[in-house]
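The sequence shown lines up with residues 277 to 806 when you count with my numbering. The structure under discussion appears below in the form of C-alpha cells.
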Amino acid sequence: MFFTILLSFFTLLFVLHYFVRYGRIGRISNRIPGLKAYPIIGNLYHFQLDNEKVLEKFWETNEELYPIHRLWSFFFSLVTLIHPEDVEILLKSTGHLEKSIPYKFLKPWLSTGLITGAGEKWQHRRKILTPTFHFKILEHFVVTFNEEAQYLVTSLKKEGKGGPIVKDLQELIPEHTLNAICETAMGIALRGMGEFAAKYREAVHTFGRSVVYRVTRPWYHFDTIFALSQRGRSQKELLKTLHGLSRKIIAERKLFHEQTKGKYLRNVEEMDENQIFSEKIDENNQSPIFKKRLAMLDLLIAASLEDNQLDDEGIREEVDTFMFAGHDTTAMALCFALLLFAKHKDVQERIRNEVNTIMQQNDGKLTITMIREFVYLERCIKESLRLYPSVHFIARYISQDLQLKNYLIPAGSICNISIHNLHRFPKFWPNPDVFDPDRFLPENMKGRNPYCYVPFSAGPRNCIGQKFAMLEMKLMVAYIFHHFYLEPVDELDDVKMIGDIILRSPKPLRVKFIPINDSITSFQIPLSPE
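The following block contains the structure:
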C-alpha cells in the first residue's frame, strides 16, 4: 500500500514536471539564459546553503548571467531582471501589480494589506491611505521624529556618562524607529515598555527569517505542510505577539474616539494645532494611548466610518503593514548609512557642517522645511541606499505575457528584480562599490535611466511612505551628527548579508559615539509645525 502511494506520488511529480517544463511556460522560459536545472528540483541544489551564503550566491549568479536569467524551482519559473530597461517595463506595467513569493508568506502576518494585496482591494486601500502622507500630516509626524531623535541622543549620553560609547547599530536604531512608527502609526508610546518592545522587534526579525526559509524549500510553500513543521508552530506564537499588539491598540483607540465623540477624527485640515498637539487625554488615564496627536490609525478609523469596505481586520492589516514597512526598513537603512558615514570622515564632517549651519540660522529648531534644506545629507543617504537597499528585491507574478526588451516572459512565471545588482552594475554606476554621494548631483544624474535606482520601487506600486522614510532618516542623522562624532568599529566590507526579507547583517554593526562637547545644547523641539 505504502509503495503504491509513493509510486503514485512520484508519477504525479514527473507528469507535472513534463507538463510545466515542456509546455508553453517551459518552452518560452527556456529561451532565457539560466543555470543548468535538474528534473523536478530545478536549481534548488544551487541554493541549499547557510543563510549567510544564500544572498551572496544569488547575487553572484545575477552578475554572471546579466542582464536576465531564469531559474527553476520545482514547477515555478523564476526570471530575474537586472537591466533598467527591463525593470522599467515591469514596474510601469499596470497589468503586473500582483506580488509573488516571498510576499505570499507574509500574508499570515500582513494579510492582504498594502504590501501584499492586489487588484481592486489594493487600489481601494491605496486611495484611502495616500492622504496619510499629505504634506500637512508629515509636518505633524516631524514633531514625533524630533522627540525620538532627542531621546536617542539623551540616552546615549546618559549611558556613556558623557564619554564615548560603542553601540551595535542593529540593536540601537530599531528601538527608536519602532518607537517613532508606533507614535505616528498608532498614537502610542512604546517607550517604557522595553521588554515588550524588544519582544515585538524580535518577532519581526524571526518572522522574516521564517519567510526566507520557506522560499528556499518548496515543500514548505504549501501552508498545510508548513503548519505541521516546527517553524510553522513557532510562527503561530510569533503571530500572537505581532497581531496582539495591533488589535489591542486598535480596540483602545476606537474606544477613545467613542468617548470623545469622534472629536479627533475630523479631517486634518479642519483640526486646530492645539487639539493635535495636546499632551494628555486624562490625567488619570494610565493607558499607553495618552496622546491626542494625530496618527495614521486615526485616519483609518475615520475612513472606516465612511467606508464599509474597511472593517477592523482591514484596519489591522494596514497598521501591521505600516509597522513592518515603517520600522524595519528605515532602521536598517539608517544602520548602513551611519556606518558608512562613520567610515568616511570627510563626508561625516560635511554633513555636520550643513546640519549645524542650518540649525544655527533657525534658532536650533528642526522643522520639515529645514530638513528639506539638508541637500548634501540627502545625497549621502541616497548613495547609502544605492549600496545597501533595505528592500533588495521585488517579486511580481506574471499573470499575462510580458514582452521585455529581448525576451518574452510567459504568463504563470514569477519575475524578480534584483535591486542590489541593479544598483551596482558598472555600466550605469562607474566604480560601483565606491561610496560617492556626488553621483546624485543634478548634473551627474542627467541621461541616467531613472530605473537604475529604485530603492523605493517605482511605477504605480512604488513605496507610499518614501517621503516619510527620508524625513525620518535625515532628521535622525542630523541629531546624531549634531551631538556626536562617529568612528567605525566594524567594517561593512567585511560583512556578508543574511538571507532575509530586509537586507541585514548576521553580525554586529558597531560604531563608537564620541560626544561633541561644544554642541549647541539649545537644540529645541518645535511644539507645533511651522
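Virtual Cβ for every residue (Gly too), placed ideally from N, Cα, C.
Review point. Does the stretch 346 to 364 touch the stretch 643 to 659, meaning 3 or more C-beta pairs lie closer than 8 Å?
Key: No, the stretch 643 to 659 does not touch the stretch 346 to 364.
Practice item. Please name the residue or residues paired with residue 318 in a DSSP beta bridge. Key: Counting from 1 along the sequence shown, the entry for residue 318 is found at position 42. Looking at the DSSP assignment, residue 318 forms a beta bridge with 314.
Practice item. Please report how far the alpha carbon of residue 365 lies from the alpha carbon of residue 609, in whole angstroms. Key: Position 89 of the sequence shown, counting from 1, holds the residue named residue 365. Position 333 of the sequence shown, counting from 1, holds the residue named residue 609. Approximately 27 Å between the Cα atoms of the pair.
Practice item. Starting from the Cα of residue 621, find the closest Cα among 416, 375, 465 and 711 and give me that residue. Key: To locate residue 621, count along the sequence shown from 1; it is residue 345. Nearest to residue 621 by alpha-carbon distance, out of 416, 375, 465 and 711, is 711.
Practice item. To the nearest angstrom, report how far apart residue 330 and residue 464 are at their CA atoms. Key: By 1-based counting over the sequence shown, the position of residue 330 is 54. By 1-based counting over the sequence shown, the position of residue 464 is 188. Taking the straight line joining both Cα atoms gives about 38 Å.
Check your understanding: Based on Cα-Cα distance, which residue from 344, 481, 687 and 788 lies nearest to residue 777?
Key -> As a working note, residue 777 is residue 501 in the sequence shown. Among 344, 481, 687 and 788, the Cα nearest to that of residue 777 belongs to 481.
Check your understanding: Are the beta-carbon atoms of residue 613 and residue 721 separated by less than 8 Å?
Key -> Residue mapping note: residue 613 aligns to position 337 of the sequence shown, counting from 1. Residue mapping note: residue 721 aligns to position 445 of the sequence shown, counting from 1. It is not a contact, given that the beta carbons lie outside the stated cut-off.
Practice item. Compute the Euclidean distance between the alpha carbons of residue 624 and residue 757, then round it to the nearest angstrom. Key: Start at 1 with the first residue of the sequence shown, and residue 624 comes out as number 348. Start at 1 with the first residue of the sequence shown, and residue 757 comes out as number 481. Answer to the nearest angstrom: the Cα atoms are 8 Å apart.
Check your understanding: Can you name the start and end residues of the alpha helix (DSSP H) that residue 743 belongs to?
Key -> As a first step, residue 743 must be located in the sequence shown, where it is residue number 467. Taken as a continuous stretch (DSSP letters only), the alpha helix (DSSP H) holding residue 743 covers 742 to 759.
Review point. Across which residues does DSSP place residue 733 in a beta bridge pair?
Key: Counting from one through the sequence shown, the residue named residue 733 turns up at place 457. Paired residues: 731.
Point to revise | Beta-carbon spacing of residue 491, residue 693 below 8 Å | key: Translated into positions along the sequence shown, residue 491 becomes position 215. Translated into positions along the sequence shown, residue 693 becomes position 417. Contact flag unset, no.
Practice item. Label residue 343 either buried or exposed according to how many other C-beta atoms from any shown protein chain fall within 10 Å of its C-beta, with 16 as the threshold for buried. Key: Residue mapping note: residue 343 aligns to position 67 of the sequence shown, counting from 1. Residue 343 comes out buried.
Review point. Which residues in the same chain as residue 786 place their Cβ atom closer than 6 Å to its Cβ, once the five residues preceding and following it in sequence are excluded?
Key: Locating residue 786 in the sequence shown gives position 510, counting from the first residue. Answer for residue 786: 442, 444, 765 and 766, listed in chain order.
Check your understanding: Can residue 305 and residue 675 be called in contact, C-beta distance under 8 Å?
Key -> Taking the sequence shown and counting its residues from 1, the one referred to as residue 305 is at position 29. Taking the sequence shown and counting its residues from 1, the one referred to as residue 675 is at position 399. Not a contact, by the Cβ cut-off of 8 Å.
Point to revise | Segments of 3+ residues assigned as beta strand (DSSP E) that fall wholly inside the stretch 436 to 492 | key: Taking 3 residues as the minimum length, the beta strand (DSSP E) runs contained wholly in the stretch 436 to 492 are 441 to 444, in order along the chain.
Check your understanding: Going by alpha carbons, who is nearest to residue 760 out of 459, 534, 433 and 300?
Key -> The residue given as residue 760 occupies position 484 in the sequence shown. Nearest C-alpha to residue 760: 433.
**Study point:** Three-state class that DSSP yields for residue 356 in the structure shown
**Key:** Here residue 356 refers to the residue found at position 80 when the sequence shown is read from its first residue. Residue 356 falls in the strand class under three-state DSSP.
Point to revise | Contact set for residue 408: own chain, Cβ-Cβ below 7 Å, skip 5 residues either direction | key: Along the sequence shown, read from residue 1 onward, the residue named residue 408 stands at position 132. Contacts found: 572 and 575.
Review point. Opposite residue 540 in the DSSP bridges: which residues?
Key: By one-based count along the sequence shown, residue 540 stands at place 264. For residue 540, which the question treats as bridged, DSSP gives no partner whatsoever.
Review point. So is residue 597 buried or exposed if we call it buried at 16+ other beta carbons inside 10 Å?
Key: By one-based count along the sequence shown, residue 597 stands at place 321. Looking at its Cβ environment, which holds 16 or more other Cβ atoms inside 10 Å, residue 597 is buried.
**Study point:** C-alpha gap between residue 529 and residue 412, whole angstroms
**Key:** Numbered from 1 along the sequence shown, position 253 holds the residue referred to as residue 529. Numbered from 1 along the sequence shown, position 136 holds the residue referred to as residue 412. Taking the straight line joining both Cα atoms gives about 22 Å.
Practice item. Mind checking who residue 793 pairs with in its DSSP beta bridge? Key: Sequence index remark: in the sequence shown, residue 793 carries index 517 (1-based). None; residue 793 has no bridge partner.
Review point. Taking the continuous alpha helix (DSSP H) assigned at residue 652, which residues delimit it?
Key: The residue given as residue 652 occupies position 376 in the sequence shown. Taken as a continuous stretch (DSSP letters only), the alpha helix (DSSP H) holding residue 652 covers 651 to 663.
**Study point:** Closest Cα partner of residue 716 within the set 629, 662, 698 and 763
**Key:** In the sequence shown, residue 716 corresponds to position 440, counting from 1. It is 662.
Review point. Which of helix, strand or coil does DSSP assign to residue 676?
Key: The residue labelled residue 676 in the question sits at position 400 within the sequence shown. If DSSP states are grouped into helix, strand and coil, residue 676 belongs with coil.
Point to revise | Burial state of residue 525 (16 or more Cβ within 10 Å) | key: In the sequence shown, counting from the first residue as 1, residue 525 sits at position 249. The residue is buried, with at least 16 neighbouring Cβ atoms inside 10 Å.
Point to revise | Enclosing beta strand (DSSP E) for residue 525 [first to last residue] | key: Indexing the sequence shown from 1 puts residue 525 at position 249. Residue 525 -> not in any beta strand (DSSP E); alpha helix (DSSP H) instead, spanning 506 to 535.
Practice item. Pull up the DSSP beta-bridge partners for residue 375, would you. Key: Within the sequence shown, residue 375 is the residue found at index 99, counting from 1. Residue pairing for residue 375: DSSP places it in a beta bridge opposite 672.
Check your understanding: Which value, in whole angstroms, describes the spacing of the CA atoms of residue 415 and residue 497?
Key -> In the sequence shown, the residue the question calls residue 415 occupies position 139. In the sequence shown, the residue the question calls residue 497 occupies position 221. When rounded, the distance between both Cα atoms is 43 Å.
**Study point:** residue 751, buried or exposed, once every other Cβ within 10 Å from all chains shown has been counted against 16
**Key:** Locating residue 751 in the sequence shown gives position 475, where the first residue counts as 1. It counts as buried.
Practice item. Drop a sphere of 10 angstroms on the beta-carbon of residue 424, count the other beta-carbons inside from all chains shown, and report buried for 16 or more, exposed for fewer. Key: Here residue 424 corresponds to residue number 148 of the sequence shown, with the count starting at 1. A residue is called buried when at least 16 other Cβ atoms come within 10 angstroms of its Cβ; residue 424 meets this threshold and is buried.
Exercise for review: Throw me the rounded Cβ distance for the residue 605 and residue 667 pair, which I believe falls under 8 Å.
Suggested key: Start at 1 with the first residue of the sequence shown, and residue 605 comes out as number 329. Start at 1 with the first residue of the sequence shown, and residue 667 comes out as number 391. The Cβ separation is near 6 Å, so the contact holds.
Point to revise | First and last residue of the uninterrupted alpha helix (DSSP H) at residue 398 | key: In the sequence shown, residue 398 corresponds to position 122, counting from 1. 395 to 405 is the span of the alpha helix (DSSP H), which, as asked, contains residue 398.
Review point. Do the CB positions of residue 360 and residue 728 come within less than 8 Å of each other?
Key: Numbered from 1 along the sequence shown, position 84 holds the residue referred to as residue 360. Numbered from 1 along the sequence shown, position 452 holds the residue referred to as residue 728. Yes, the pair counts as a contact, with Cβ atoms nearer than the cut-off.
Exercise for review: Count the other CB atoms, across all protein chains shown, that sit within 10 Å of the CB of residue 406; report buried if there are 16 or more and exposed otherwise.
Suggested key: The residue you call residue 406 lines up with position 130 of the sequence shown. Exposed.
Review point. For residue 792, which residues of its own chain have a beta-carbon under 7 Å away from its beta-carbon, when the five flanking residues on both sides are left out?
Key: Locating residue 792 in the sequence shown gives position 516, counting from the first residue. Contacts found: 759, 760 and 761.
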